[in-house]
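For the sequence shown, our numbering begins at 839 and goes up steadily by one.
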Amino acid sequence: MSDNKTVNHMIELTKTNRITIGVVVVLVILLLGFIFMKPAKYAFNTTLDKEIKDLKVTEYQMSPQALAQAILKKDAALVLVDVRSPFEFAKGHLPEAQNIYKINLFSDDQIDFFKDLKKGNKTAVLYGASAGEANVPFMILKQMGIDNIKYLNVGYEHMKSGNWAEIAANPLKFNDETPIVDFAQFISDAQKQNQPT
């Protein structure tokens, strides 16, 4: 009988030891996690709603005419940043443009690049295949506090001809975010024509 009591006591002691060891291991893991956990390097300084509104502010947009004039003047205060893939960049790009693929745009080196531009009183002009491709990187960089940036309000396709004098003199307002065709009117007209008489 006393052997059974001793065995039961040993089983209880073993269970208690396992629980105690388990709790200690979990606490050590949590402590090490807190010690070695890296703080967030970057934080958003503004809200997404504000940045979406800023997309419409002409101060942050660069028209094809203004860019063509800057290229003709060889304006050193502007740095062109092509956010397209390296493959697309290799097929053609604007003069003196630097390729920073939008996926790599938020690495430490690239963030430092934009901060160095600001220290040198330079403005980065982001462009992509369309204005929409440059919009998202523009908004995220602005949210991170990088405000020395603009985006080209047309895509590379509108600018690739390289006729800078012609583009600079063109009075038309380009904006590849505005549809060329009024699709609502087109559908309405088509429905009117298809009605039985």
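C-beta atoms are modelled at their ideal positions from N, C-alpha and C, and glycine is treated no differently. Note that the structure is a prediction, hence the values are computed from the model and not measured.
- Beta-bridge partners assigned by DSSP to residue 961: 916.
- In this structure, residue 902 keeps its C-beta atom at 8 angstroms or more from the C-beta atom of residue 987.
- Taking the Cα positions, residue 933 is about 21 angstroms away from residue 956.
- Secondary structure note for residue 988: its beta strand (DSSP E) is the uninterrupted segment 987-990.
- In this structure, the beta-carbon distance from residue 942 to residue 920 does not fall below 8 angstroms.
- Take the alpha-carbon of residue 964 and the one of residue 898: they are about 10 angstroms apart.
- Note on geometry: alpha-carbon atoms of residue 1029 and residue 1023 lie some 10 angstroms from one another.
- A residue is called buried once 16 or more other Cβ atoms fall within 10 Å of its Cβ, and residue 971 is buried on that count.
- Secondary-structure assignment with DSSP links residue 936 through a beta bridge to 919.
- Residue 900 sits in a strand when the DSSP states are folded into three classes.
- In the DSSP annotation of this structure, the continuous segment of the alpha helix (DSSP H) that includes residue 927 starts and ends at 924-929.
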